[in-house]
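Student: Protein sequence lines correspond, in order, to chains A and B. Note that our numbering has the first sequence beginning at 1, numbered continuously upward. Note that our numbering has the second sequence beginning at 222, numbered continuously upward. Where is the CB? At the ideal position from N, CA and C, for every residue including glycine.
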Amino acid sequence: MADRILFSKFGRARFISHLDLMRTIQRAFFRSGIQIKHTEGYNPHPFVSIALPLSVGYSSDCEIMEFVLLGGASYEDLPEKMNAVLPEGVSVQACYPAENKLKELAYLNCIVRMDYDNGVPEAAEAAWRELLSRESLVVKKKSNKSKLGYTETDIIPLIHRWTLTAEDKAIRLDMVLSAQNPGLNPVVIRDAFCEAYPELTPDFMAVHRKEALDINEKPFR
Amino acid sequence: MDQRLERILPRVQKPARYTGGEYNAVIKDKAEIDIRFALCFPDTYEIGMSNLGCRILYGVMNREPDIWCERSFAPWGDMEEEMRKAEIPLYALESGDPLAQFDAIGFSLGYEMAYSNVLNMLDLAGLPLRSADRPGLTPLVLAGGTCCYNPEPLAPFMDLFVLGEGEEVTLEYLQLLKQAKNEGWDKARFLRQASHIPGIYVPSLYDVTYHEDGTVAAVTPKYEDVPARVTKRIIQDMDKSYFPVKTIIPSTEIVHDRVMLELFRGCIRGCRFCQAGYVYRPVRNRTPDLLAQYGKQALEDSGYREMTLSSLSSTDYPCLMELCDDLLDYCQARDIGLSLPSLRADTFSMGLMERLQRVRKGGLTFAPEAGTQRLRDAINKNLREEDLMQSVRTAFTGGWNGVKLYFMLGLPTETDEDVLGIADLARKVYFAWRECTPNRARGVRITVSTSWFVPKPHSAFQWEAQITREEYQRRVDLLRDAFRRDRSITYNWHDIQTSYLEAVFSRGDRRLADVLEWAWKHGAKLDSWSEYFDHQRWMDALAACGLNGDFYAHRERAKDEVFPWAVPDVGVRREFLWHERELCYQSVTTPDCRTRCSACGANQMLERGRTCG
Chain A
1 MADRILFSKF GRARFISHLD LMRTIQRAFF RSGIQIKHTE GYNPHPFVSI ALPLSVGYSS
61 DCEIMEFVLL GGASYEDLPE KMNAVLPEGV SVQACYPAEN KLKELAYLNC IVRMDYDNGV
121 PEAAEAAWRE LLSRESLVVK KKSNKSKLGY TETDIIPLIH RWTLTAEDKA IRLDMVLSAQ
181 NPGLNPVVIR DAFCEAYPEL TPDFMAVHRK EALDINEKPF R
Chain B
222 MDQRLERILP RVQKPARYTG GEYNAVIKDK AEIDIRFALC FPDTYEIGMS NLGCRILYGV
282 MNREPDIWCE RSFAPWGDME EEMRKAEIPL YALESGDPLA QFDAIGFSLG YEMAYSNVLN
342 MLDLAGLPLR SADRPGLTPL VLAGGTCCYN PEPLAPFMDL FVLGEGEEVT LEYLQLLKQA
402 KNEGWDKARF LRQASHIPGI YVPSLYDVTY HEDGTVAAVT PKYEDVPARV TKRIIQDMDK
462 SYFPVKTIIP STEIVHDRVM LELFRGCIRG CRFCQAGYVY RPVRNRTPDL LAQYGKQALE
522 DSGYREMTLS SLSSTDYPCL MELCDDLLDY CQARDIGLSL PSLRADTFSM GLMERLQRVR
582 KGGLTFAPEA GTQRLRDAIN KNLREEDLMQ SVRTAFTGGW NGVKLYFMLG LPTETDEDVL
642 GIADLARKVY FAWRECTPNR ARGVRITVST SWFVPKPHSA FQWEAQITRE EYQRRVDLLR
702 DAFRRDRSIT YNWHDIQTSY LEAVFSRGDR RLADVLEWAW KHGAKLDSWS EYFDHQRWMD
762 ALAACGLNGD FYAHRERAKD EVFPWAVPDV GVRREFLWHE RELCYQSVTT PDCRTRCSAC
822 GANQMLERGR TCG
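(1) Here's a check: name, in chain order, each residue in its chain whose Cβ is nearer than 7 angstroms to the Cβ of B:TYR207, leaving out the five neighbours to either side.
(2) Counting pairs of beta carbons, one from the segment 376 to 386 of chain B and one from the segment 421 to 433 of chain B, are three or more of them closer than 8 angstroms?
(3) Return the CA-CA distance between B:LYS251 and B:GLY317, expressed in angstroms with no decimal places.
(4) By a C-beta neighbour count over all protein chains shown, 10 Å radius and 16 as the cutoff for buried, is B:PHE411 buried or exposed?
(5) Counting only runs that start and end within the segment 699 to 776 of chain B, where is the alpha helix (DSSP H) found for 4 or more residues in a row?
(6) For a contact defined as C-beta to C-beta under 7 angstroms, what are the partners of B:GLY241 on chain A?
(7) Just tell me which of B:PRO659, B:ALA734, B:ALA644, B:THR719 has its CA closest to the CA of B:ASP707.
(8) I want to see whether chain A comes within less than 7 angstroms of B:PRO465, judged by CB atoms only; does it?
(9) Hey, does A:ILE5 have any beta-carbon neighbour from chain B nearer than 7 angstroms?
(10) Can you give the Cα-Cα distance for B:LEU343 and B:ILE288, rounded to whole angstroms?
(11) Give every residue of the same chain whose Cβ lies closer than 7 angstroms to the Cβ of B:TYR336, excluding the five residues on either side of it in the sequence, and list them in chain order.
(12) Give the straight-line distance between the Cα atoms of B:LEU549 and A:PRO186, rounded to the nearest whole angstrom.
(13) With distances taken between CB atoms, is the gap from B:CYS369 to B:LEU330 smaller than 7 angstroms?
(14) Chain B partners of A:MET20, CB-CB under 8 angstroms?
(15) Reducing DSSP to helix, strand and coil, say where B:TYR806 ends up.
(16) To the nearest angstrom, report how far apart B:VAL697 and B:ARG690 are at their CA atoms.
(17) Please tell me whether B:PRO183 has its Cβ less than 7 angstroms away from any Cβ of chain A.
(18) Is any beta-carbon of chain A found at less than 7 angstroms from that of B:PRO377?
(19) What's the C-alpha gap between B:GLY862 and B:GLU635?
(20) By the criterion of Cβ-Cβ separation under 8 angstroms, what are the contact partners of A:SER17 in chain B?
(21) Once you ignore the five residues that flank A:THR151 on each side, which residues in its own chain have a CB closer than 6 angstroms to its CB?
(22) Can you tell which of B:GLU433, B:PHE464, B:LEU350, B:ALA346 has the C-alpha that lies nearest to the C-alpha of B:GLY387?
(23) Does any residue of chain A bring its CB to less than 7 angstroms from the CB of B:LEU230?
(24) The alpha helix (DSSP H) spanning A:ASN216 covers which residue range?
(25) Are the beta-carbon atoms belonging to B:GLY822 and B:ARG794 less than 7 angstroms from one another?
(26) Which ranges does the alpha helix (DSSP H) cover as unbroken runs of at least 4 residues, wholly within the segment 143 to 205 of chain A, from first to last along the chain?
(27) Using DSSP's beta-bridge definition, name the partner residues of B:ALA364.
(28) Report the residue from B:LEU564, B:SER680, B:SER472 whose alpha carbon sits nearest the alpha carbon of B:TYR499.
(29) Looking at the unbroken alpha helix (DSSP H) that takes in A:ALA127, where does it start and where does it end?
(30) Is the beta carbon of B:ALA259 less than 7 angstroms from the beta carbon of B:LEU320?
(31) Using DSSP bridges, identify the partner residues of B:ASP790.
(32) In whole angstroms, what is the alpha-carbon distance linking B:GLY623 and B:TRP654?
(33) Assess, as a yes-or-no matter, whether the segment 6 to 25 of chain A is touched by the segment 83 to 94 of chain A under the definition of 3 or more beta carbon pairs within less than 8 angstroms.
(34) What do you reckon, are the CB atoms on B:LEU363 and B:LEU350 nearer than 7 angstroms?
(35) In the segment 521 to 596 of chain B, which residue ranges form an unbroken alpha helix (DSSP H) of at least 4 residues, counting only runs that do not cross its ends?
(36) Please decide whether A:THR163 counts as near chain B, where near means a Cβ-Cβ distance under 7 angstroms.
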């Protein structure tokens with residue numbers, strides 16, 4: 001089976017795109033002297049796979065990357081060796097053999113902060129609660145495959161749990177969202193909210209992936 | 222990170238260009254720093270981070286405990302718009318601090334079309350464009366790079382120019398700046414003192430007078446202690462000069478995403494049109510052992526899987542085989558690609574190329590520059606047709622199926638026969654393919670590209686007129702017509718509008734500063750990108766300033782005309798360049814510097830006047 005690293009992405013590194021991050025980590029493996037398995041074929045390159053791509057600008061404490069460790073480091077000393085050669089804001093926390101399949105990653109615990117720079121409007125908290133409490137909330141998503149040019153998805157079933165805290169200048173949502181097949185990106189919730197309550201559009205949304213969870217809501221590793 | 226920036230970045234293209242924080246980026250404690258330097262590249266991050274010179278200077282400065290060098294690049298249009306809207310001034314990537322807080326802001330000037338970005342970056346930094354409007358000692362605004370061998374169009378904007386290789390002189394003027402700061406000098410005193418440092422050109426210390434016909438009458442120092450000519454700086458011993466083994470590895474793709482190993486400086490060839498071939502003289506090599514060591518260390522530290530042996534004409538490196546053998550053993554064992562950026566069409570180079578090529582057999586590129594042997598001799602491009610044909614035969618036999626051929630139109634003495642010679646040569650290459658290819662069914666791609674020759678200062682053709690655009694277009698049409706029936710040959714010609722402006726600015730004088738400023742005020746920026754370039758804007762700018770671009774581009778200069786670049790001295794004698802130009806008109810070649818020294822004068826820059834090479 002494959003090996004995994006659990007890593008964080010924060011600060012300046014939040015703006016490294018998914019593809020660039022893969023390249024960055026591949027290069028870091030070369031720098032560290034750690035050998036990992038390469039793809040076969042005409043132009044072999046180190047095989048790495050990130051479980052769930054993270055949108056540009058989001059931070060995370062629970063990124064998981066799969067690869068096959070061939071040598072140059074033990075599970076214990078790999079994080080330190082890698083962290084010495086990674087750019088600021090990408091930090092490996094642990095390395096271990098995979099004991100489950102990536103498709104068993106069921107939920108993501110996300111902290112979503114909606115900023116209202118001039119203070120949270122009076123109606124905002126109730127509006128957010130109303131939206132998230134709906135029975136169903138169908139959103140249209142652009143699709144080239146569909147004849148209509150879009151597909152419709154009900155996002156309410158994809159929001160597993162949520163709690164809301166209103167602060168002076170922000171609404172903080174602690175949510176457990178479906179991770180894959182289909183997953184739900186918090187930006188979709190924000191867009192749905194802005195469509196329903198355009199006058200309560202937040203000035204900015206910050207997203208932090210706090211934890212990856214399995215079907216029993218236990219940390220997924 | 223600045224909260225305003227945090228909000229903008231998710232909305233702009235490729236935001237990782239604007240964050241810093243890459244592997245090997247240098248972070249220092251501001252409290253321990255005396256001089257903060259912002260190294261500015263007037264183009265995008267992807268272009269600027271591919272510049273080896275900037276990486277060298279970054280390393281050289283950051284080795285010093287009292288200097289912190291950071292980077293700044295031109296933002297793309299979407300980012301600029303967001304920055305202006307949010308009132309975020311241009312900042313340096315390492316600290317995020319605004320440029321205006323720095324002690325010195327240094328621009329790397331590699332091509333004329335980046336000039337508008339220099340002004341735009343100064344404005345984004347919130348600084349007045351003109352040196353005279355920045356009364357304080359800091360931030361000192363300066364520039365270096367190839368364009369500084371004629372920096373006149375930028376003269377009113379810059380406090381000083383650095384001529385030549387910057388490794389040593391940078392530290393010299395920064396130490397002076399540190400002293401000036403500590404002792405409370407004013408800017409005038411600092412600049413006067415700086416003008417005494419060899420290689421430093423302070424444009425405000427010279428008066429330029431003009432003849433009635435618009436040519437320069439004289440460039441005169443305002444004071445006796447200011448040198449009449451400023452000679453460029455060179456590194457005497459390449460083995461002792463700094464090489465960036467440990468250098469920034471961007472977290473996003475850049476143009477040259479690989480280790481660049483600089484084998485030598487200068488070029489032995491002496492092509493008469495080539496500014497680089499003259500201004501980087503004399504030739505100075507690094508020893509192969511040291512290069513092999515640098516190359517391996519750089520690969521290990523960077524994690525790159527590709528390395529290029531970069532120099533003006535890499536195959537002229539005397540110990541190339543020895544170096545390649547050493548590096549190939551290392552690279553092949555690790556699946557690392559080794560490449561040469563420029564290829565001469567001779568058997569030696571082809572043999573080498575075959576050994577270096579690992580997987581893809583894509584295209585090969587050659588630059589014959591001219592279509593006939595007569596014209597190649599006239600421009601001293603020592604490439605014989607037999608050699609080119611031998612090279613392409615070898616390549617086609619070995620399974621290559623694409624060749625790119627680069628030419629220039631409008632070279633001095635060019636006739637229609639020379640233009641049509643390009644088509645003949647391309648056809649011969651095509652027939653060589655038919656003759657040699659093991660697999661005709663795969664087809665072949667032969668691409669012919671022509672550019673519009675731009676005469677450059679400090680070259681043998683600095684006196685020449687650029688042919689008019691009508692004439693260039695006529696020659697393009699002539700060639701296009703000649704290719705009409707050749708389906709395997711694709712003909713591309715370079716955009717004529719930027720070539721005209723390059724011709725104007727590369728040999729321009731100080732009066733063009735007003736044109737630059739006018740164009741910038743009317744929106745000019747990122748002019749090397751077709752998305753932003755607007756030719757009409759530049760024509761309007763010239764008209765608004767009462768200047769005629771043709772005066773700079775299409776006028777032949779008299780032998781003894783005073784050039785706007787009268788002060789910068791690259792070490793090559795003007796008489797030598799004139800002689801080379803005369804040889805051109807006689808179609809007489811000059812041997813390369815290793816075969817015979819032509820006494821251009823550049824070796825006088827070497828300690829004890831030793832010969833170069």
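Tutor: Quick answer:
(1) Chain B is shown only over 222 to 834; residue 207 of chain B falls outside these bounds and no answer can be derived.
(2) yes
(3) On the second sequence, position 30 is the one that residue 251 of chain B refers to. On the second sequence, position 96 is the one that residue 317 of chain B refers to. Computed Cα separation, rounded: 12 angstroms.
(4) Locating residue 411 of chain B in the second sequence gives position 190, counting from the first residue. Buried.
(5) 717 to 727, 733 to 742, 756 to 765, 770 to 774
(6) Counted from its first residue, the second sequence places residue 241 of chain B at position 20. The answer, in chain order, is ARG12.
(7) One-based indexing of the second sequence puts residue 707 of chain B at position 486. Selected option, being the one with the closest Cα: B:ALA644.
(8) The count along the second sequence starts at 1 and reaches residue 465 of chain B at position 244. Closer than 7 angstroms: no.
(9) In the first sequence, residue 5 of chain A corresponds to position 5, counting from 1. Chain B contact via Cβ: absent.
(10) For the purposes of this step, residue 343 of chain B is taken as the residue at position 122 of the second sequence. For the purposes of this step, residue 288 of chain B is taken as the residue at position 67 of the second sequence. Their Cα atoms are separated by approximately 22 angstroms.
(11) The residue given as residue 336 of chain B occupies position 115 in the second sequence. Excluding residues within five positions, the ones whose Cβ falls inside 7 angstroms are PRO374, LEU375, PHE726, LEU737.
(12) In the second sequence, residue 549 of chain B corresponds to position 328, counting from 1. In the first sequence, residue 186 of chain A corresponds to position 186, counting from 1. Whole-angstrom Cα-Cα distance: 50 angstroms.
(13) In the second sequence, counting from the first residue as 1, residue 369 of chain B sits at position 148. In the second sequence, counting from the first residue as 1, residue 330 of chain B sits at position 109. In contact: B:CYS369 and B:LEU330 (Cβ atoms closer than 7 angstroms).
(14) As a working note, residue 20 of chain A is residue 20 in the first sequence. One detail in the question is off: residue 20 of chain A reads as Asp in this sequence, not Met. Residues of chain B passing the Cβ test: ALA237, SER472, THR473, GLU474.
(15) Working through the second sequence from its first residue, we reach residue 806 of chain B at position 585. The answer is helix: DSSP assigns B:TYR806 an H, G or I state.
(16) In the second sequence, residue 697 of chain B corresponds to position 476, counting from 1. In the second sequence, residue 690 of chain B corresponds to position 469, counting from 1. Answer to the nearest angstrom: the Cα atoms are 10 angstroms apart.
(17) Within the shown structure, residues of chain B are numbered from 222 to 834, placing residue 183 of chain B beyond reach of any answer.
(18) Looking up residue 377 of chain B in the second sequence gives position 156. No - not a single Cβ of chain A is within 7 angstroms of the one on B:PRO377.
(19) Because chain B is modelled from 222 through 834, residue 862 of chain B falls outside the range shown and cannot be assessed.
(20) Along the first sequence, one-based indexing puts residue 17 of chain A at 17. Those are LYS235, ALA237, THR473, listed as they occur along chain B.
(21) Taking the first residue of the first sequence as 1, we reach residue 151 of chain A at position 151. Cβ within range, chain order: LYS141, SER143.
(22) Along the second sequence, one-based indexing puts residue 387 of chain B at 166. Looking at the Cα atoms, B:PHE464 is the closest of the given residues.
(23) For this step, residue 230 of chain B is matched to residue 9 along the second sequence. Yes, because at least one Cβ of chain A sits closer than 7 angstroms to the Cβ of B:LEU230.
(24) The count along the first sequence starts at 1 and reaches residue 216 of chain A at position 216. It is not in any alpha helix (DSSP H) - A:ASN216 carries neither H nor E in the DSSP assignment.
(25) Position 601 of the second sequence, counted from the first residue, corresponds to residue 822 of chain B. Position 573 of the second sequence, counted from the first residue, corresponds to residue 794 of chain B. Taking 7 angstroms as the Cβ cut-off, B:GLY822 and B:ARG794 qualify as a contacting pair.
(26) 186 to 196
(27) Taking the second sequence and counting its residues from 1, one reaches residue 364 of chain B at position 143. Paired residue(s): B:PHE328, B:PHE382.
(28) By 1-based counting over the second sequence, the position of residue 499 of chain B is 278. Looking at the Cα atoms, B:SER680 is the closest of the given residues.
(29) By one-based count along the first sequence, residue 127 of chain A stands at place 127. Its alpha helix (DSSP H) spans residues 124 to 132.
(30) Taking the first residue of the second sequence as position 1, residue 259 of chain B is located at position 38. Taking the first residue of the second sequence as position 1, residue 320 of chain B is located at position 99. The answer is yes: Cβ separation under 7 angstroms.
(31) Counted from its first residue, the second sequence places residue 790 of chain B at position 569. B:ASP790 pairs with B:THR452.
(32) Along the second sequence, read from residue 1 onward, the residue named residue 623 of chain B stands at position 402. Along the second sequence, read from residue 1 onward, the residue named residue 654 of chain B stands at position 433. Each residue's Cα considered, the two are about 9 angstroms apart.
(33) yes
(34) As a working mapping, residue 363 of chain B is identified with position 142 in the second sequence. As a working mapping, residue 350 of chain B is identified with position 129 in the second sequence. No, these two residues do not count as a Cβ contact at 7 angstroms.
(35) 541 to 555, 568 to 577
(36) Taking the first residue of the first sequence as position 1, residue 163 of chain A is located at position 163. Judged by the 7 angstroms Cβ criterion, A:THR163 is not in contact with chain B.
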